[in-house]
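Same order as they appear, the protein sequences are chains Y, V, D and U. In terms of this note's numbering, the first sequence is residues -12 to 440. In terms of this note's numbering, the second sequence is residues -12 to 440. In terms of this note's numbering, the third sequence is residues -12 to 440. In terms of this note's numbering, the fourth sequence is residues -12 to 440. Every residue gets a Cβ at the ideal spot worked out from N, C-alpha and C, and that includes glycine. Everything numeric in this text was worked out from a predicted model, so none of it was measured.
4 protein chains.
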Amino acid sequence: MRRGPGKWDYWRPELRSMSSTSEHIRRQLKVRRQQQRAVLATRWRCAQGGLEFEQLDTFYGAIRPYLCVAQFFGIMPLANIRSRDPQDVKFKVRSVGLAVTGLFLLLGGIKTLVGANILFTAGLNAKNMVGLVFLIVGLVNWLNFVGFARSWSHIMLPWSSLDILMLLPPYKRCKRSLRSKVNFTALCVGVLALGDHMLYYASGYCSYSTHILQCHTNHSRITFAFYLEKEFADIMFIMPCNIFTICYGFWINGALTFLWNFLDVFIVMTSIGLAQRFQQFADRVGALEGRQVPEALWYDIRRDHIRLCELASLVESSMSSIVFVSCANNVYVICNQALAIFTKLRHPINYVYFWYSLIFLLARTSLVFMTASKIHDAALLPLRSLYFVPRDGWSQEVQRFAYQLTSEFVGLSGYRLFCLTRRSLFGMLATLVTYELMLLQMDAKSHKGLRCV
Amino acid sequence: MRRGPGKWDYWRPELRSMSSTSEHIRRQLKVRRQQQRAVLATRWRCAQGGLEFEQLDTFYGAIRPYLCVAQFFGIMPLANIRSRDPQDVKFKVRSVGLAVTGLFLLLGGIKTLVGANILFTAGLNAKNMVGLVFLIVGLVNWLNFVGFARSWSHIMLPWSSLDILMLLPPYKRCKRSLRSKVNFTALCVGVLALGDHMLYYASGYCSYSTHILQCHTNHSRITFAFYLEKEFADIMFIMPCNIFTICYGFWINGALTFLWNFLDVFIVMTSIGLAQRFQQFADRVGALEGRQVPEALWYDIRRDHIRLCELASLVESSMSSIVFVSCANNVYVICNQALAIFTKLRHPINYVYFWYSLIFLLARTSLVFMTASKIHDAALLPLRSLYFVPRDGWSQEVQRFAYQLTSEFVGLSGYRLFCLTRRSLFGMLATLVTYELMLLQMDAKSHKGLRCV
Amino acid sequence: MRRGPGKWDYWRPELRSMSSTSEHIRRQLKVRRQQQRAVLATRWRCAQGGLEFEQLDTFYGAIRPYLCVAQFFGIMPLANIRSRDPQDVKFKVRSVGLAVTGLFLLLGGIKTLVGANILFTAGLNAKNMVGLVFLIVGLVNWLNFVGFARSWSHIMLPWSSLDILMLLPPYKRCKRSLRSKVNFTALCVGVLALGDHMLYYASGYCSYSTHILQCHTNHSRITFAFYLEKEFADIMFIMPCNIFTICYGFWINGALTFLWNFLDVFIVMTSIGLAQRFQQFADRVGALEGRQVPEALWYDIRRDHIRLCELASLVESSMSSIVFVSCANNVYVICNQALAIFTKLRHPINYVYFWYSLIFLLARTSLVFMTASKIHDAALLPLRSLYFVPRDGWSQEVQRFAYQLTSEFVGLSGYRLFCLTRRSLFGMLATLVTYELMLLQMDAKSHKGLRCV
Amino acid sequence: MRRGPGKWDYWRPELRSMSSTSEHIRRQLKVRRQQQRAVLATRWRCAQGGLEFEQLDTFYGAIRPYLCVAQFFGIMPLANIRSRDPQDVKFKVRSVGLAVTGLFLLLGGIKTLVGANILFTAGLNAKNMVGLVFLIVGLVNWLNFVGFARSWSHIMLPWSSLDILMLLPPYKRCKRSLRSKVNFTALCVGVLALGDHMLYYASGYCSYSTHILQCHTNHSRITFAFYLEKEFADIMFIMPCNIFTICYGFWINGALTFLWNFLDVFIVMTSIGLAQRFQQFADRVGALEGRQVPEALWYDIRRDHIRLCELASLVESSMSSIVFVSCANNVYVICNQALAIFTKLRHPINYVYFWYSLIFLLARTSLVFMTASKIHDAALLPLRSLYFVPRDGWSQEVQRFAYQLTSEFVGLSGYRLFCLTRRSLFGMLATLVTYELMLLQMDAKSHKGLRCV
């Protein structure tokens, strides 16, 4: 049987001769070739265009600073993360990053075991379970990021290659660079998260001092040091109480909070990166609106679309576990907070912290869903441009392109159990509201006896 | 690369020469050209047809009286709203309308702050929160309408242009004019809303008088003036109690109620306007059923459909915030009323007001959903007509038209989180019923002890 | 300015001449012609085939006996219902049927008012509301059936015409005739409903006698007559207690129960009738599997499919109100029964009645959904047959037919708020189960104190 | 107007001659022919390839050992199950297998009746209902498997025939054989289920002994024998207490547990079997990516796809009842366990058993859904390969194949009320979580009084 030009080898002679070898080997070679090709193409294009790779507005370039910061908290341990070339960055078992991660897992694990021990002896209930769940989810997240780091190089090479492809003509750059969008998002969430973390301690200290004032006689205990002693009780359980222990307590608490926020920010960043490319793609197709386009160009466009979709589904499958845990955890914490929405609190600062953290969490979760849904929205944009294809320009290639655009879901998902779309966000919010209404009603019931209406 | 005729410029030489300029400028000019074209076309057609623009059954003409009334309540501040030419009506920062809106926002804001202050000192719970939410939603609505007013001219120009296009042959007028439909709806809702508002005061006064009779000894306080003093307690909190203050209380209460009703009525009117055009379009396609239609005509029809869909999505994206707040608020109030469905009330008038306002609200919400869903229903109507296209008349254009009809959702939505369809309405009702059943069951539980079955 | 094949002049001379006859009149004539054609075709075909119309297995023939019975209860008042020719049966304002319906509406209305009066003075709650809802739903149903009777002749003429078409070759008859299926269903439901109705009285009498034995000293009141006096308390409220009043009580109770059951059975019958035709259609397409079929035959098949779909959507829109009320009422009663699922009852017969009526109701509701969903299932059957169309037989007509099969929903719905499909049934059941689980959990809570585990 | 190939005369002479052989007989012969063809093809292929049927990695070969084991528990009574030829294995009314099933049904029925009797006298509530439901579901499962055994030969013949077809070129074998996958799954679930069963007795004994220690004075009763006497109280109710009775108790308990686990494992196995074939099919299509493929080969591929889909829907409809009962029961038990999630238990072993069995159950249910969803996922895989079909290779056959891939749902379902997909699993989990949140909230309420926060 005669074999025509293959999927990827339409532009290189050496691959065409390779295709005579057996199918089995051909398949296995494919992955390796893909990587090589990405590297080659990157270098070749950069050389040709006279552009430095570092100056390009690639996704890797945009996210690199944040990955560097994450290393300090043992998140996503990658070797050579300081290199500007995505090909150097790989997951290595024997690396400093993984050692840091291991340290965090060990310390976090100990804290979790101590906390679990305290809880199980006291009796587990819905209320005191929250802290334990927070710790366990933290550990799971660290492990998830290790898993994601392992597939990092498999994702980044094709992605960088595609980035370079789409940063040169015929694609046009977006008005706002990827880097500025990512930085803006990270900055906003970062500042808000810092405020949240500080309010946590402030609110905790106020509650503590009032508690001492009312229930104990020894008022000399109302110092921040004593508060921290109570706050980090689980650590004090196995270590003596000194400045080092307290620092350690701050550090591990901070790391867990950073991890939680980083998780969401990372999903948002990835979504921005993917959505930007789909947007550029849509712009390119849009620029052809109403023009007479040769079928070969439509073929090129369609091929680029396939590459984009392949990248999107590669990212989707690699990030499934991260997305799943992030959403599950956020929903759990939101519901838990919603539980306490009618609880009387003592101090204004308690109210401030409660509402601030609830709204911050809701906003962050919505941000994750909304940004991720933009991938899907952007992926569907070219459809309308196809309506304007003139009558004699409507070829089979256009038809296949139109079919391709609608036949698949493009976006992020949690193990494909749920997709990050606006519809899912609405479903989640609706469930939350229904749940809250139930509480509202119960609250109304229990207040009934007291009213004089 | 040779560039053929563009999207819009395939019929005019001067535009075709324009297309030689750079793509970037071309894109930016497009929006301006579109507006100019709409203006030109409008004038030219009216002159040609010997018809006065005012006599046409346009959407702007139908909705204008209601926008004028709305100005008095600071809703949708537009300059030159009294003009019959939609091109004159624009949002201006320095205008009387915006000043009125600002006044309302100021007064409403003060009322809200005073109310919030009273509530937070007394302790916020599910029951007393309702009034505060009503005020806050009111403020948000005023702001939303300001936002919508800003994009008003961008919507009205293409809409009016399309209206004129579809009021002349080959499109046929609908039996009932747009104006009569809009007026009928506004009248019905208006009268019912007025009744609701009056019953509110009547019911409130009755409750007040009974309360005084039973809990207080000073029966001389049972006058309407004292009732109003209690009703407008939040205003009296910062202002002396006199006839002016009471009028102000009536006025701001009335404005908020008007705003709430206008919100829904406005969505309904817009839906009627869009649905009418889609209906006319479907009628035109239907008239071709079974006939031999040249491909060029199908092309024209398809192009009109694209224009209709573009208008619909322009309106959809501009009204997202209005639709979202309207639906969220309605659902909230309905659920809140449902909470009290088994509460014992003192007076028959309390029952009358309670059930009247609940049913009115349910009916209004359903009306919003049902009217909005008609856009979608009407947009799908031409599909069946395409079944009757004869065998030799089935060309590529028809196929593309059929594909176009089914590939997109046409209708209103709240940030695309939910669409205003019958299915959404059912989902909402089902959730409401489930919620009500829960209450029913709890009510049954609490009555258990008293029965002798 | 030169105007080419421009935007505004798409109606070209040849088309204008084509539509020289007024479109408006043409449209209005179409409906009348369609009816006449149906009548003519019916007579002509019967004459040609030498077959008597009465002997054909038409839907009208199958359902006629049940309509006759329904007349006695004032349901669906049609004149000349005893005629075997569907063209004679029409809704007439001045007819015996409508008078009977009016009588029922009057008597039912009085009963409802009396009952409502009693309830509102005693205080409405979730428990005692059931009886009132049952009465109101009954009245609504009578009115709904009057509404449906008005559109009866518009439905039956095309249906009968289609029936005749599909009872002659090339369509083959189904194994089991429509008549036998309808009779079987009606018999089963009828017998079970009769049992349910009898158990109602038996269970009520037992409860009554026990109640008297325990709460009263006057044991002489334990007779069936006294029970009936209590049972029909609302009638006794305005009428003296005698044998006539009791008969009247029995009669109106029976009529309401018959109406409720007839509602569901009627939907089931209609569904069977439609599904049978779609099944026959699928069989015909299936018989062409793998054969070389001329395009003209595909055209004929497609045209028959359009007729079937038109009939289905005509029935769907006419029956919307009936389907909606039926489902809403069934779900309400099921939920209400589920409420009492853990209530302790006194007598075994109470248990028997409770479970019998609950299971009967669940089965009937499921039957409605399952039979109705068969329309949709049968409508999709031809799709698979199209897979077997040989390569050179795959023409445009087949493609259009395939598209037509999947592009629309065929089936019954309640105002298109929900469709009668298996998926809806599952959604309903799932909600019911969730609700029941809630009760289960509350039941478990309240028993907690009593256990020794 | 001339009437061409008119509305009524669509069956033309030439078509009538085409179908001169009776359609009815032709249809009935088709099924028989299909079976014969399967047998012939199997033998012929095996002979040609020089392969023994037993050595092939067929689904029947993989599942046979488990069917043999199931015979001992009266599950799926098939005659000649020990034969390696799937054609020998049939359902026979007079067989040892059915006798064993009858015995189990009898014994299980007696146990159920005794249990029901005890329960109804004590009063049925949500808590003690669980055991009875377990028994009844067991009986239903036995009957379901008898029903499935009846259609076994109708499923296995086409399946085996397809297996053989897909184990020879041009299809390639998967890396991991079907047999190893099935064995791995069965082993894992089997070992875990055994652990669960043992923990059940251990936990029960511990609870029993504590109960005796605290509530009774006669501590001599704390032996395993006495525990069993209580555990099998329903059997002791009608039989004397001796070693035989206890063995019988163990045996019937074990059989029910085996049945419950086998049910899920059987669905998983079937899913693996189907998914494997769809995966192979996708691999074959994938190998053609980018190549020039003759239309005839596309036709062959499409025909194989039809056969695969037909097998899948045959299996789906036959297993509907099994899938439905399995899922319903699992969800019921999970919800029931979730009910007790905050109940205080006495012994660590009680906790271990409770959480072990809950997590095992959740994992098993998820396994069922995830494995079954793989069928659907694998069935959609070829779609992406079609994107790479070169421009001049895109023929009508490919288009039809693409349409065929997306037009139907492939997978398992419970009476098509719900499909075993990831989305359904998510819906189930979400409902469960909402339910659990409700409990959480109630638990929090009831603990409120005790806290000092």
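Exposure of residue i, with buried meaning 16 or more beta-carbon neighbours within 10 Å
i: K331/Y; result: exposed
i: M425/V; result: buried
i: I151/D; result: buried
i: M185/V; result: exposed
i: S9/Y; result: Per-residue confidence for S9/Y stands at a pLDDT of 48, beneath the threshold of 50, marking its modelled position as unreliable; no derived number is given.
i: L326/U; result: buried
i: Q15/V; result: Because Q15/V sits at a pLDDT of 48, beneath the cut-off of 50, its placement in the model cannot be relied upon, and the following sentence gives the value as read from the coordinates. Q15/V is exposed by the Cβ-count criterion.
i: F91/Y; result: buried
Cβ pair residue i, residue j closer than 8 Å
i: T99/D; j: L122/D; result: yes
i: Q58/U; j: V87/U; result: yes
i: F249/U; j: I68/U; result: no
i: E276/Y; j: S138/Y; result: no
i: V312/D; j: N104/D; result: no
i: Q383/Y; j: R289/Y; result: no
i: G401/V; j: S258/V; result: no
i: G84/Y; j: L65/Y; result: yes
i: T172/Y; j: V302/Y; result: no
i: V169/D; j: I254/D; result: no
Residue from the options with nearest C-alpha to residue i
i: E423/V; options: A366/V, S196/V, C322/V and R271/V; result: C322/V
i: Q279/U; options: L412/U, G118/U, F375/U and F231/U; result: F375/U
i: L295/U; options: V355/U, S190/U and A365/U; result: A365/U
i: L367/D; options: T257/D, S394/D and L404/D; result: S394/D
i: L404/Y; options: M415/U, G241/U and A49/U; result: M415/U
i: T418/Y; options: R163/Y, C161/Y and Y319/Y; result: Y319/Y
i: M143/D; options: Q74/D, F132/D, V101/D and N131/D; result: Q74/D
i: G118/U; options: L349/U, Q324/U, R410/U and V385/U; result: Q324/U
N-terminal and C-terminal residue of the alpha helix (DSSP H) that residue i is part of
i: N248/Y; result: I230 to A274
i: D150/V; result: W139 to L154
i: M185/D; result: L165 to C202
i: I98/V; result: The residue asked about is misnamed: residue 98/V is Lys in this sequence, not Ile. V83 to A109 is the span of the alpha helix (DSSP H), which, as asked, contains K98/V.
i: R378/U; result: Taken as a continuous stretch (DSSP letters only), R378/U belongs to no alpha helix (DSSP H), as it is neither H nor E.
i: N317/D; result: E282 to L326
i: C55/Y; result: F46 to Q58
Check: residue i C-beta below 7 Å from any heavy atom of the ligand PLP
i: L426/D; result: Absent from the structure shown: the ligand PLP. Ligands present: none.
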